[in-house]
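Worksheet for the structure shown next.
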Amino acid sequence: MGGPEQILNVALIGNPNSGKTSVFNRLTGLNQQVGNFPGITVDKKTGDYKLPDGNKAKITDLPGVYSLYPNTTDERIVLEVLLDPDSGLRPDLILYVADASNLERHLVLLSQIMDLGFPVVLLLNMVDLVEKSRECNDVQLANMLQIPVIKVNGRTGVGIKEIGEVIVRMEEKSHEKFLEVRDYSATTIDQVKDIYQIDNDYHALLIAHNYQKLRFLEVEEKEKIGRLLENSEFKSIGLQFEEIMARYERLHEVVSSLVDEIVVDGDTPTAKADRILTHPIWGSLIFLATLFLIFQAIFAWASYPMDWIDSGVAQLSDYLHHNLPRNLFTDFLIEGLLAGIGGIVIFIPQITILFLLVAILEETGYMSRAVFLSDNIMRRFGLNGRSIVSLISGVACAVPAVMSTRTISNTKERLITIFVTPFISCSARIPVFAILVAFAVPADSSLGFFNLQGIVLMGLYTMGVIAALGSSWVLHRIVKSESKSLLMMELPSYSKPYWKNVGITAYEKVKVFVMSAGKIILVISILLWFLASFGPVEKMAQVESDTRFELAELRLSEEEIENRIAAKKIEHSYAGILGKTIEPVIRPLGFDWKIGIALITSFAAREVFVSTMATIYSVGSSQNEQTLKQRMSREVFFDDGEKVYSKATAFSLLVFYVLAMQCISTLAIVKRETNSWAIPIVQLVYMTGLAYILSLITYQLLS
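So in the numbering used here, spot 282 of the sequence shown is number 451, and the numbers just go up one at a time.
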């Protein structure tokens with residue numbers, strides 16, 4: 170009582186599709202943080218879990234892997250977390266999540282972890298899907314493995330309470346070894362143990378197998394181990410195969426003695442559904458129809474809350490304009506902060522709907538089928554089925570999508586996937602698409618029962634996919650590689666989505682989007698307001714004097730005069746100078762200097778385009794009760810009086826934003842993932858050039 174709170178470091182480990190994330194969400198709720206592993210740009214999710222005795226467990230959700238022999242970055246990370254004594258991440262306890270319907274396969278990784286000597290609790294997940302076809306004696310399994318075994322269901326919460334109770338009373342217990350690694354090469358293992366000063370045989374064997382891939386090993390140690398293995402003719406690949414097969418045989422005996430199969434008439438519901446959903450033709454059509462409905466929902470369902478937010482921001486801006494004193498701070502508050510932040514908040518409903526629907530597809534197990542269906546198609550373009558994970562992830566954000574390519578073991582396929590992933594339109598482009606599609610296609614346009622704006626939105630995403638696959642096809646023939654890759658993955662059973670998991674997943678992604686975008690928008694909105702409100706002092710004074718002289722003979726109110734002066738001033742402000750400088754280059758695309766400013770600022774983050782427009786069109790305007798769309802719709806070119814946001818300009822700008830490099834963050838992550846500036850520079854030049862050419866063609870054809 171009253172003593173210091175102890176924090177237990179717990180790791181969640183398991184195969185992909187074992188339901189590990191559902192268990193993690195159940196244990197931690199919304200007490201989660203997303204960060205990077207030290208020195209590595211790979212996301213790690215951590216969360217706090219209050220134990221029954223009052224202490225706290227810090228739970229880290231490690232990437233899903235199949236074994237401790239690393240072929241991908243994710244697998245290497247898990248191995249390093251377990252082996253590196255100085256990482257600060259080595260767990261005090263491991264919660265191992267296994268799919269109860271595939272015990273033999275899922276227990277291989279468990280046996281490897283146990284041989285490293287870690288205290289382990291085995292969580293048999295998805296028991297509700299298993300009990301109809303087999304019965305597993307968890308008590309006998311616990312006795313045989315000599316570790317606690319708990320039947321859980323991450324979706325419903327079954328067994329979650331028991332996890333905390335077991336952690337509290339958990340003591341390190343000896344368990345029987347699955348293998349006697351000394352049978353392989355006692356001399357080699359002893360020498361590796363001596364070089365690295367460890368006392369665990371299996372730990373030494375893993376270092377011998379993977380010494381070249383482990384980041385934490387010193388160069389001198391790697392050289393010693395390398396010479397030792399060469400002298401002892403240590404056959405790494407052969408021993409890995411022997412060991413894995415030995416584990417399978419051992420585990421088959423264990424599981425077959427504990428699991429009783431129940432004869433079930435007919436196929437399982439999953440098998441019946443997969444005959445259609447994974448069919449080369451029908452499955453692909455269903456997948457395309459699913460994507461089509463998602464894009465319809467983004468526009469149709471989000472229209473009402475977006476209108477409410479848009480109207481609310483306009484009314485708040487008008488209220489502040491009429492009730493606050495006219496000074497520099499008021500202008501900054503209304504024209505800078507409120508206009509910029511309002512320009513992104515309005516699109517939260519659309520982004521939320523997107524993340525909710527994607528989370529439902531993941532929860533039901535359907536997303537794995539998308540990977541399976543895509544493999545044959547992806548290979549024709551020099552990719553593989555795992556590339557579709559990155560491409561689909563790119564719908565949310567290109568940064569984690571590029572990072573997710575670490576699961577692709579083939580170097581050529583990984584580099585091509587990294588190069589083309591930014592073509593997939595991310596969620597940050599939704600605000601841009603939403604406001605521009607409104608100018609390209611009237612809101613009341615429809616094609617039968619379908620909203621035409623939703624169809625155009627899907628067309629924009631399809632254009633990005635075509636650009637990605639077309640570029641992949643070209644790169645596949647330019648980049649040479651002799652190695653081949655195979656797609657091996659598990660298709661989980663279909664299940665009803667657990668709505669709490671869906672809600673937590675969508676909430677976390679929207680939160681990250683809003684918070685990360687909010688920081689950028691805040692800084693850029695302040696900078697833009699300054700650039701649009703100030704300019705060379707003498708020039709700005711001259712503009713005001715000349716404008717007043719020109720308007721002297723016109724019988725205008727003082728407010729109208731001030732608005733005319735403000736419009737002239739912004740054209741000669743620092744922002745105006747920047748826009749005017751690049752206008753000759755972008756004018757053939759149908760863009761004016763104000764759009765030019767947005768093109769530059771949105772390179773920080775695509776969603777900044779809308780806040781840039783909101784800031785530029787707010788500076789000097791007394792018509793704050795009008796929405797951003799209304800202000801933009803009145804904009805005309807100075808030379809010919811034509812509307813700026815015509816159908817031709819809107820489509821041209823949409824094409825540009827589909828194809829141009831997304832943002833500077835994407836370039837930075839590509840540089841870190843490839844450890845080279847060459848690829849991101851070529852990426853930037855190629856994508857910008859392609860976007861410019863096709864935007865030029867689009868505008869010239871439509872105008």
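Note that beta-carbon positions come from the ideal geometry of N, C-alpha and C, so glycine has one too.
Beta bridge counterpart(s) of residue i as assigned by DSSP
i      : result
Asn322 : Val327
Val289 : Ile263
Leu181 : Asp230 and Leu264
Ile176 : Lys225
Asn294 : Asp268
Lys219 : Lys225
Closest by C-alpha distance to residue i, when choosing among the options
i      : options                           : result
Ala269 : Glu244, Gly323, Asn312 and Thr674 : Gly323
Met830 : Pro221, Ala637, Thr356 and Gln869 : Ala637
Leu237 : Lys737, Asp217, Leu374 and Ile734 : Leu374
Val290 : Leu262, Ile358 and Leu768         : Leu262
Met414 : Gln281, Gln366 and Asp363         : Gln281
Ala483 : Thr357, Val247, Val851 and Ile503 : Ile503
Phe410 : Ser426, Lys391 and His378         : His378
Val679 : Asp476, Ala442, Gln360 and Ala528 : Ala528
Met782 : Ala847, Leu506, Ile862 and Pro753 : Leu506
Ser401 : Ile358, Asp363 and Tyr380         : Ile358
Tyr814 : Ile176, Met801, Phe825 and Tyr826 : Met801
Ile878 : Glu752, Leu497 and Ser714         : In the structure as shown, the chain starts at 170 and stops at 872, and residue 878 therefore has no counterpart that could be examined.
Ile866 : Ile755, Lys812 and Ser845         : Ile755
Thr586 : Val634, Ala609 and Leu530         : Val634
Ile154 : Pro518, Phe498, His448 and Leu523 : For residue 154 there is no data in the structure shown, the boundaries of the chain being 170 and 872.
Lys816 : Val706, Glu752 and Pro611         : Pro611
Glu424 : Asn312, Tyr371 and Ile739         : Looking at the sequence shown, residue 424 is not Glu but Val. Answer by Cα proximity: Asn312.
Arg583 : Leu530, Met547, Ile599 and Leu863 : Met547
Glu399 : Glu811, Gln869 and Tyr380         : Tyr380
Asp479 : Ile517, Pro449 and Phe193         : Ile517
Ala819 : Leu181, Glu722, Ser872 and Val854 : Ser872
CA-to-CA distance, residue j to residue i, given in whole angstroms
i      : j      : result
Gly286 : Gly407 : 24 Å
Ile647 : Ser191 : 42 Å
Leu525 : Leu293 : 27 Å
Asp307 : Ala267 : 12 Å
Asp487 : Lys214 : 43 Å
Thr770 : Gln711 : 28 Å
Val277 : Leu660 : 18 Å
Ala226 : Leu386 : 29 Å
Pro114 : Val335 : Here the chain covers residues 170 to 872 and nothing more, so residue 114 does not appear.
Phe501 : Ile766 : 19 Å
Ile332 : His421 : 26 Å
Phe760 : Pro239 : 50 Å
Ile877 : Asp243 : The chain is shown only over 170 to 872; residue 877 falls outside these bounds and no answer can be derived.
Val851 : Pro494 : 51 Å
Met709 : Trp762 : 18 Å
Ala539 : His741 : 52 Å
Asn670 : Tyr535 : 16 Å
Arg876 : Ser187 : The question about residue 876 has no answer, for the chain in this structure spans 170 to 872.
Ser834 : Phe825 : 18 Å
Leu758 : Ala607 : 19 Å
Phe461 : Thr533 : 18 Å
Lys189 : Leu177 : 19 Å
Lys391 : Leu747 : 54 Å
Phe498 : Phe703 : 14 Å
Thr447 : Pro232 : 26 Å
Gly125 : Val321 : In the structure displayed, the chain extends from 170 to 872; residue 125 sits before or after that span and is not available.
Glu457 : Gly623 : One point to set straight first is that residue 457 is Leu, not Glu, in the sequence displayed. Rounded to the nearest angstrom, the two C-alpha atoms are 14 Å apart.
Thr210 : Arg841 : A caution first: Thr210 carries a pLDDT of 44, below 50, which makes its placement in the model too unreliable to give a value.
Supposed contact pair residue j and residue i - C-beta distance, whole angstroms, cut 8 Å
i      : j      : result
Ser594 : Leu629 : 6 Å
Thr716 : Lys749 : In fact, because the Cβ distance is near 17 Å, the residues do not count as touching under 8 Å.
Tyr235 : Asn184 : 6 Å
Ser543 : Val589 : Between Val589 and Ser543 the Cβ distance is about 14 Å, and since that is not below 8 Å, they are no contact.
Leu822 : Leu605 : 6 Å
Val601 : Phe778 : 5 Å
Ala442 : Tyr667 : Ala442 to Tyr667, Cβ: 19 Å. No contact.
His491 : Phe550 : No, His491 and Phe550 are not in contact; Cβ-Cβ is about 58 Å, not under 8 Å.
Gly216 : Leu196 : 7 Å
Asp904 : Tyr365 : A question about residue 904 goes unanswered here, because the residues of the chain that appear run from 170 up to 872.
In the segment 362–410, which residue ranges form an unbroken beta strand (DSSP E) of at least 3 residues, counting only runs that do not cross its ends? none
Only counting runs of 4 or more residues, tell me where the alpha helix (DSSP H) segments fall wholly within the segment 461–538, in order along the chain. 472–492, 497–500, 508–514 and 517–533
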